[in-house]
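**Q**
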Amino acid sequence: MFSSATPARSTPHRRLAALLLAGGLGLALPVLVAGSAVAHDRLESSDPAADSTVASAPAQIVLTMSATPLALGTQVQVSMTDGGSDGTVVSEGDPQIVDSTVTQPLREDRPAGTYEVQWRVTSSDGHPISGSFAFTATEAVGAPSPTGTETGTTTQTPDEPAATSPATIDPSNPVQDSENGLLIGIGIAAVAVIGAVGGVIGYRRRQR
Numbered sequence: 002m003f004s005s006a007t008p009a010r011s012t013p014h015r016r017l018a019a020l021l022l023a024g025g026l027g028l029a030l031p032v033l034v035a036g037s038a039v040a041h042d043r044l045e046s047s048d049p050a051a052d053s054t055v056a057s058a059p060a061q062i063v064l065t066m067s068a069t070p071l072a073l074g075t076q077v078q079v080s081m082t083d084g085g086s087d088g089t090v091v092s093e094g095d096p097q098i099v100d101s102t103v104t105q106p107l108r109e110d111r112p113a114g115t116y117e118v119q120w121r122v123t124s125s126d127g128h129p130i131s132g133s134f135a136f137t138a139t140e141a142v143g144a145p146s147p148t149g150t151e152t153g154t155t156t157q158t159p160d161e162p163a164a165t166s167p168a169t170i171d172p173s174n175p176v177q178d179s180e181n182g183l184l185i186g187i188g189i190a191a192v193a194v195i196g197a198v199g200g201v202i203g204y205r206r207r208q209r
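Add 1 to a position in the sequence shown, counting from 1, and you land on the number used in the working numbering.
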């Protein structure tokens, strides 16, 4: 006769251990996934705030992160999306990281319109994170002056010498009348003197 082997039955201890293991894995998996997501930094606030309207665009954009990001790979680009300057980049220079803030300088001339901020930083755990937001400025700042004009400057031409004219006699001027009378008197006296000298010379000649 052939004897058949009876399959080994699971003991209560083994079944309990299997249930505990399955339950533990089921509880641990969500915790591990959530822990991995929380480890990445996030953008907590910005100045200007997302979707806000300001009187004029500020000189810099400030991003506040949940932790201090790494400098490597951190970039912030600010560009116009309307107002006749679509696509114009107004960010200038490299972003500066101080503690948990990332500061991006902007150009001196900042037109009115909608600004789009695209940022990318390296999280403190080494993973890159990125995002974007927009805000609107109602007035321009630092608009250049019109070409060819300078404020506060005037153009001067050299003075031309006054044209000289012949001296004229004004009958109503007493000074000129006295000067003319003096000249006439001097002329008469000179004629008289010449006449007297001539008479004396003629008299002496007749005496001889």
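Beta carbons: idealized from backbone N, C-alpha and C, even for Gly.
Could you tell me the distance, in whole angstroms, from the CA atom of S47 to the CA atom of L64?
**A** Mapped onto the sequence shown, residue 47 falls at position 46. Mapped onto the sequence shown, residue 64 falls at position 63. Approximately 5 Å, taken between the alpha carbons.
**Q** With 16 as the cutoff for other CB atoms within 10 Å, does T54 come out buried or exposed?
**A** Here residue 54 refers to the residue found at position 53 of the sequence shown. Burial check for T54: the Cβ neighbour count within 10 Å stays below 16, so the residue is exposed.
**Q** Return the CA-CA distance between Q76 and D110, expressed in angstroms with no decimal places.
**A** Counting from one through the sequence shown, the residue named residue 76 turns up at place 75. Counting from one through the sequence shown, the residue named residue 110 turns up at place 109. One C-alpha to the other measures close to 21 Å.
**Q** For E45, which residues from the same chain have a beta carbon less than 6 Å from its beta carbon, with the 5 sequence-adjacent residues on both sides left out?
**A** On the sequence shown, position 44 is the one that residue 45 refers to. Closer than 6 Å at the Cβ level, and outside the excluded window around E45, lie T65 and S67.
**Q** Whose CA, out of D95, I98, I62 and Q97, lies closest to the CA of E117?
**A** If you number the sequence shown from 1, residue 117 lands on position 116. The option with the nearest alpha carbon to E117 is I62.
**Q** Identify the continuous beta strand (DSSP E) that holds V77 and give its terminal residues.
**A** Locating residue 77 in the sequence shown gives position 76, where the first residue counts as 1. Looking at the DSSP string, the run of the beta strand (DSSP E) that includes V77 is L71 to M81.
**Q** Identify, in the order they occur along the chain, each residue of the same chain with its Cβ nearer than 6 Å to the Cβ of I202, setting aside the five sequence neighbours on each side.
**A** As a first step, residue 202 must be located in the sequence shown, where it is residue number 201. Same-chain partners within the cutoff: there are none.
**Q** Can you tell me the Cα-Cα spacing of D87 and A50, whole angstroms?
**A** Within the sequence shown, residue 87 is the residue found at index 86, counting from 1. Within the sequence shown, residue 50 is the residue found at index 49, counting from 1. For D87 and A50, the distance between alpha carbons rounds to 21 Å.
**Q** Label V103 either buried or exposed according to how many other C-beta atoms from any shown protein chain fall within 10 Å of its C-beta, with 16 as the threshold for buried.
**A** Numbered from 1 along the sequence shown, position 102 holds the residue referred to as residue 103. By the 10 Å Cβ count, V103 comes out buried.
**Q** Determine, for D126, whether the minimum Cβ-Cβ distance to residues of chain B falls below 8 Å.
**A** The chain labelled as chain B is not found in the depicted structure, where only one protein chain is given.
**Q** Please name the residue, chosen from G94, S125 and P112, that lies closest to F136 on a Cα-to-Cα basis.
**A** Along the sequence shown, read from residue 1 onward, the residue named residue 136 stands at position 135. Considering only alpha carbons, the answer is P112.
**Q** Check the DSSP bridge columns for N129 and list the partner residues they point to.
**A** Residue 129 sits at position 128 when you count from the first residue of the sequence shown. Contrary to the premise, residue 129 reads as Pro rather than Asn in this sequence. According to DSSP, which records beta bridges pairwise, P129 is partnered with T123.
**Q** What residues in its chain sit with their C-beta under 7 Å from that of G132, if we drop five residues either side in the sequence?
**A** Locating residue 132 in the sequence shown gives position 131, counting from the first residue. If we look at G132 and ignore the five residues flanking it on each side, its Cβ neighbours are L44 and W120.
**Q** For A60 and D126, I'd like the C-alpha separation in whole angstroms.
**A** Numbered from its first residue, the sequence shown carries residue 60 at position 59. Numbered from its first residue, the sequence shown carries residue 126 at position 125. Rounded to whole angstroms, A60 to D126 spans 30 Å at the Cα level.
**Q** Considering only residues of the same chain and omitting the five flanking positions on each side of P70, which have a CB-CB separation below 7 Å?
**A** The count along the sequence shown starts at 1 and reaches residue 70 at position 69. Answer for P70: D42, I98, V103, V122, T123, S124 and S125, listed in chain order.
**Q** For R111, which three-state DSSP category applies?
**A** As a first step, residue 111 must be located in the sequence shown, where it is residue number 110. R111: strand per DSSP, three-state reduction.
**Q** Closest to A56 by CA distance: which of T139, R206, I195 and G143 is it?
**A** The residue given as residue 56 occupies position 55 in the sequence shown. The shortest Cα separation from A56 among T139, R206, I195 and G143 belongs to T139.
**Q** Is I195 helix, strand or coil by DSSP?
**A** Here residue 195 is taken as the residue at index 194 of the sequence shown, counted from 1. Reduced to three states, the DSSP call for I195 is helix.
**Q** For P106, collect the residues of the same chain with a Cβ closer than 6 Å to its Cβ; drop the 5 residues on either side in sequence, then sort them by chain order.
**A** Counting from one through the sequence shown, the residue named residue 106 turns up at place 105. Once the five neighbours on either side are set aside, the close Cβ partners of P106 are Q61, E93 and G94.
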